[in-house]
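K.L.:
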Amino acid sequence: MKKIGSGAVSVILAAALLFGAVRSDAAEKQVLRYGAINMRSTLDMQFNTYPWVMDISDHVAEPLMMFDYTMKLIPVLVKSLPTPTDDGRVYRFELKPGIKFHDGTTLKASDVKFSFERMFIPENGAINSYIADMIVGAKDMLAGKATELAGFKIIDDLNFEITLENPYAPFLASIGTSYGTIYPEKACREAGKDWGLTTYFGTGPYKITKFDADNGFYVERFEDYHGTKPKLDAIDFIFVEDPNTRRMEYESGNLDVIQLDATLYPEYSKSRLSSEIGSYTPQGTIFVSPNLQDERLGNVKVREAISLAVDRKVLVSDLMNDTVSLATTFIPPSMLGFDGTVPAYERDVERAKQLMAEAGYGDGFEVDGYIRSEQMNGTPGRTLLAIQSQLREIGISINIVQVDAASWSDIRRSGKIPLYIGTWYTDFPDPDGFINSYLYSSNARTLSNNYNSPEFDKLLDDARSTSDSAKREDLYKKADRLASRVDFAVVPLFHENMFYLCKPYVKDLHKSPDNTFHFFDAYIER
Amino acid sequence: MASYILKRLSQTFIVLLGISLVTFILMNVVPGDPVLLMLEKRATPEAVERIRREMGLDKPKTTQYLNFVAGAARLDLGRSYFTKEPVMTALSRRFGVTLRLASSAYAIAMVVGISLGVASALQRGRVFDSLIRGGAVLGISAPVFWVAIILQMVFGLRLGLFPISGIRSPNSFVLPAIALGLRYVASISRVTRTSMLEVIGQDYIRTARAKGLAERVVILKHALKNALIPIITLAGTELGNLLAGSMLTEWVFSIPGIGKLMVDSILMRDLPMLQGTVLYVAVVFVVSNLVVDISYAFIDPRIRYARGD
């Protein structure tokens, strides 16, 4: 037996020596190793919506302008942010001269036109064309009635003009997202459907030098980058699917940065790794979403009763371990339109019972609360369980129904979900990409919420078309107050904080509220 | 034999057709629309209709299925709804990874499993036998992800002998192969032990020993060879299981194999990719069963396949 035992150990040691542990060359070069998740998606940002893919794409290819980690819109490929004409419809852009793509070709206005038109060609099936479909001619292209974008006029190689159908104040913010990334026309055409699958580049500070869609991407500094040169020599995006494995890889020193599940924060905040925890506040809100077409939940008194019965302080302190902040409205604090003067929601169970009685539901009722099965152990699932317990006090009994993600999309769109815990994050840092995309009547209909208030819709329509920032802010404040404090179309609960682990030798790493990492300024100091 | 193989292969096509039809029907019956998943919060009616048209989902179901069959006949399984990657490309790339993992795990399972099974049978009733039998029960019962995590913690995190995850270095497959192979070691050792015990009680083994043959020759040449039939049956099935991919092992060790591809395809309702992975698994099982059946004839000359078998 001793022989067998020692033999096994010898075999293991011999195998380890034979193959040798592969060590990264991170010590010599400035290489940041980031534990990413493989979304099994193309890198082409016209065909996916994943922040994990944006983390890679944003460092390789760029839109005309983009948000920095403080959520300030900055010009990237253009000299400055254009102001629209007086009628708010025409924007004139000027590209910075001499910007190179990674293949050495120079960026021209025709590349920009190509990138925009590409998202409106019906056969392409781009899923993010909404960011620019307000450009004149976009809808005709999507309908197959035109092959060119009428509202895009090339003046010369560096100058072009975009005309919108109607004034749309957040236009620059909308096309300043990753979905508005500019691609090289020639290379993109040549790659065809393989663009983003086997080849992908743009004008970004890093170029992909190892393209491995299954295991990760290795990007190296692009020496001809038009902007400030990044300090890191390379970023190694290493796909590690399992959060537990990711944590072990981080602890063993094989990864420098990983995302940390919020539910693990309490454990980590007391561990030796507590000093390595970074946090950020994404622009989003966690809320109860009642279906206003449900006979019972369609009654505003019932919805207000729900709001009064929910103990938000308990959710924040006991459930979320004080890692979140109380919501007072639907729009989150860092976004235009947030009204800091609105007081906290009150909790008054007796008043809630009285409202239930007035609505004719003094004896309470049962309702199905849906949840995606993979979210059951996360924040939405834990919140739903807590709400289930709290609403029992006013006679509302929630039956929890778990469904998989695909079924969830289907059922929610059909309008059949009576109640769920909403987790809504902005498409782009503007209230139009947040409150509009959830509560505007045509959107709320597809999300099993069915809020339909002409007054609310009008406020949002007006806010969309005015370029006066102060006026816009006021309109959004009014709309938010109407939806979340008067009509209780949603019952806001809290705003989440999210966490990541970062080795102490990694400096100037930023995670932005849009949920993406900014490695542009990062460097390693051992 | 040749006609038997031809007949089995022709049956395979009918099996594949049936499996693809069942998969197609199931995926169209269960709730979940890939277009809605793809568009997420921006699933306006116009956008949904446009993407459905681009993906060919606006066509009648029969047309969709016949198009798939026609494509499959040309070895074109279409493109993934989500990655837009050709299914055959994804499958062939992932097959390479699964094959490496499966063959490593299989080698461990066969070598260690048969060795332990033979040793256990020879030590029947002794402490070593009890240990092996106990270990086998533990090996079969232990969840693969639990074994995987223990291996990662001990040999990866604590001792630093092997990579914790990924397939970037040559020794990356050591821990996943052990984690995956362990349960097969357990089952193969149990079957080997039982089969060996049956054989070593036979008269011809006593005769071999009476002839003065060395114990090594008696065990390896006479006993083990005759005990192989049930082992091969099990080994064939296990090979099919291994090649079909192991979602849990692949997930824990971040190995981009077939198992995870299949589960992702189901969750995302990625029908072309799912059809591809399901057909792949079907082919693997049909072929592995065929290989097992053929190998019987080589191991036991009394077994011959005639027309109509």
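First to last, the sequence lines map onto chains A and B.
Quick note: the first sequence uses our numbering, first residue 1, plus one each step.
Quick note: the second sequence uses our numbering, first residue 1001, plus one each step.
Every residue gets a Cβ at the ideal spot worked out from N, C-alpha and C, and that includes glycine.
Tell me whether Gly1113 (chain B) is buried or exposed, calling it buried when 16 or more other Cβ atoms sit within 10 Å of its Cβ.
P.N.:
Buried, by the Cβ-count rule.
K.L.:
How far does the alpha helix (DSSP H) with Ala59 (chain A) in it extend, from its first residue to its last?
P.N.:
Checking the displayed sequence, the identity of residue 59 (chain A) turns out to be His instead of Ala. Where His59 (chain A) is concerned, the enclosing alpha helix (DSSP H) stretches over 51-60.
K.L.:
Taking only beta carbons into account, state which residues of the stretch 1046-1062 of chain B come closer than 8 Å to chain A, listed in chain order.
P.N.:
Listed in sequence order: Glu1046, Ala1047, Arg1050, Ile1051, Arg1053, Glu1054, Met1055.
K.L.:
Quick one: Cα of Phe116 (chain A) to Cα of Phe1253 (chain B), how far?
P.N.:
Near 40 Å, if we compare the C-alpha coordinates of Phe1253 (chain B) and Phe116 (chain A).
K.L.:
Less than 8 Å between the C-beta atoms of Leu1213 (chain B) and Val1118 (chain B), yes or no?
P.N.:
No, they are not a contact pair.
K.L.:
Note down, in chain order, all residues in the stretch 425-455 of chain A with a beta-carbon under 7 Å from any beta-carbon belonging to chain B.
P.N.:
Within the stretch 425-455 of chain A, the qualifying residues are Ser437, Thr446.
K.L.:
Does any CB atom of chain A fall closer than 8 Å to the CB of Val1263 (chain B)?
P.N.:
No - not a single Cβ of chain A is within 8 Å of the one on Val1263 (chain B).
K.L.:
When you compare the stretch 1085-1104 of chain B with the stretch 1267-1286 of chain B, are there three or more beta-carbon pairs, one atom per stretch, that lie closer than 8 Å?
P.N.:
Flag = yes, the stretch 1085-1104 of chain B and the stretch 1267-1286 of chain B touch.
K.L.:
Examine chain A for any beta-carbon lying closer than 8 Å to the beta-carbon of Ala1043 (chain B), and answer yes or no.
P.N.:
Closer than 8 Å: yes.
K.L.:
Going by C-alpha to C-alpha distance, which of A:Trp52, A:Asp348, A:Phe101 sits closest to Asp224 (chain A)?
P.N.:
With distances taken between Cα atoms, Asp224 (chain A) lies closest to A:Phe101.
K.L.:
Mind checking if Asp1033 (chain B) is an interface residue toward chain A, Cβ cutoff 8 Å exclusive?
P.N.:
For Asp1033 (chain B), the answer is yes, since a Cβ of chain A falls inside 8 Å of its Cβ.
K.L.:
Using CA atoms only, rank isn't needed, just tell me which of A:Leu107, A:Ala489, A:Met248, A:Asn215 is closest to Ile1149 (chain B).
P.N.:
Checking every option, the nearest Cα to that of Ile1149 (chain B) belongs to A:Met248.
K.L.:
How should Glu28 (chain A) be labelled, buried or exposed, when 16 other C-beta atoms within 10 angstroms of its C-beta is the threshold for buried?
P.N.:
Glu28 (chain A) is exposed by the Cβ-count criterion.
K.L.:
For Val1048 (chain B) and Arg413 (chain A), what's the separation of their Cα atoms in angstroms?
P.N.:
For Val1048 (chain B) and Arg413 (chain A), the distance between alpha carbons rounds to 11 Å.
K.L.:
Which of the three DSSP states is assigned to Met1027 (chain B) in this structure?
P.N.:
Here Met1027 (chain B) sits in helix by DSSP.
K.L.:
Ignore the nearest five residues each way along the sequence and tell me which others in Asp25 (chain A)'s own chain have a CB closer than 8 Å to its CB.
P.N.:
Per-residue confidence for Asp25 (chain A) stands at a pLDDT of 48, beneath the threshold of 50, marking its modelled position as unreliable; no derived number is given.
K.L.:
Residues of the stretch 112-139 of chain A with a CB closer than 7 Å to any CB of chain B: list them in chain order, please.
P.N.:
Per Cβ criterion, the list reads Pro122, Glu123, Gly125, Ile127, Tyr130.
K.L.:
Give a yes or no on whether the minimum CB-CB distance between Phe1082 (chain B) and chain A is below 8 Å.
P.N.:
Closer than 8 Å to some Cβ of chain A, the Cβ of Phe1082 (chain B) qualifies, so yes.
K.L.:
With DSSP run on the structure shown, which of helix, strand or coil describes Ser129 (chain A)?
P.N.:
Ser129 (chain A) falls in the helix class under three-state DSSP.
K.L.:
Going by DSSP in three states, Arg221 (chain A) sits in which element: helix, strand or coil?
P.N.:
In the structure shown, Arg221 (chain A) sits in a strand (DSSP, three-state: E or B).
K.L.:
What is the DSSP secondary structure of Ile1229 (chain B), counted as helix, strand or coil?
P.N.:
Note: Ile1229 (chain B) maps to helix in three-state DSSP.
K.L.:
Could you check what DSSP says for Lys507 (chain A) in three-state terms: helix, strand or coil?
P.N.:
Strand.
K.L.:
Verify the CB distance criterion: does Gly1156 (chain B) have a CB-CB separation below 8 Å to chain A?
P.N.:
With 8 Å as the cut-off, Gly1156 (chain B) counts as an interface residue toward chain A.
K.L.:
Once you ignore the five residues that flank Gly88 (chain A) on each side, which residues in its own chain have a CB closer than 6 Å to its CB?
P.N.:
So the qualifying residues of the chain are Pro167, Ser467.
K.L.:
With 16 as the cutoff for other CB atoms within 10 Å, does Met1001 (chain B) come out buried or exposed?
P.N.:
Per the 10 Å Cβ criterion, exposed.
K.L.:
Please go through the stretch 1044-1069 of chain B and give each complete alpha helix (DSSP H) segment of 4 or more residues, from N-terminal end onward.
P.N.:
Qualifying alpha helix (DSSP H) stretches, in chain order: 1045-1055.
K.L.:
If you draw a straight line from the C-alpha of Ser317 (chain A) to the C-alpha of Gln390 (chain A), how long is it?
P.N.:
Each residue's Cα considered, the two are about 15 Å apart.
K.L.:
Is the distance from the Cβ of Ile398 (chain A) to the Cβ of Val367 (chain A) below 8 Å?
P.N.:
Yes, these two residues count as a Cβ contact at 8 Å.
K.L.:
Leaving out five residues on either side along the sequence, give the residues of the same chain with a beta carbon under 6 Å from the beta carbon of Tyr476 (chain A).
P.N.:
Within the same chain, Tyr476 (chain A) has close Cβ partners Gly337, Pro431, Ala463.
K.L.:
Is the Cβ of Trp1251 (chain B) closer than 8 Å to any Cβ of chain A?
P.N.:
Yes, because at least one Cβ of chain A sits closer than 8 Å to the Cβ of Trp1251 (chain B).
K.L.:
Taking the DSSP output, what are the residues bridged to Leu501 (chain A)?
P.N.:
Paired residue(s): A:Ile258, A:Ile277.
K.L.:
May I ask you to report which of helix, strand or coil DSSP gives Glu593 (chain A)?
P.N.:
As displayed, chain A neither begins before 1 nor continues past 526, which places residue 593 (chain A) out of reach and without an answer.
K.L.:
Establish whether the CB of Ala21 (chain A) and some CB of chain B are separated by less than 8 Å.
P.N.:
The pLDDT assigned to Ala21 (chain A) is 41, lower than 50, so where the model puts this residue is not dependable; a value taken from the coordinates is nonetheless given after this. It does: the Cβ of Ala21 (chain A) has a partner Cβ on chain B nearer than 8 Å.
K.L.:
So the beta strand (DSSP E) Thr1277 (chain B) belongs to, where does it begin and stop?
P.N.:
Premise fails: Thr1277 (chain B) lies in the alpha helix (DSSP H), 1271-1299, not in any beta strand (DSSP E).
K.L.:
Output, in chain order, the set of chain B residues within a Cβ distance shorter than 8 Å of Ala36 (chain A).
P.N.:
What Ala36 (chain A) touches in chain B: nothing, since even the nearest Cβ is about 10 Å away.
K.L.:
Quick check on the burial criterion: 16 or more other C-beta atoms within 10 angstroms. Buried or exposed for Glu1085 (chain B)?
P.N.:
Per the 10 Å Cβ criterion, buried.
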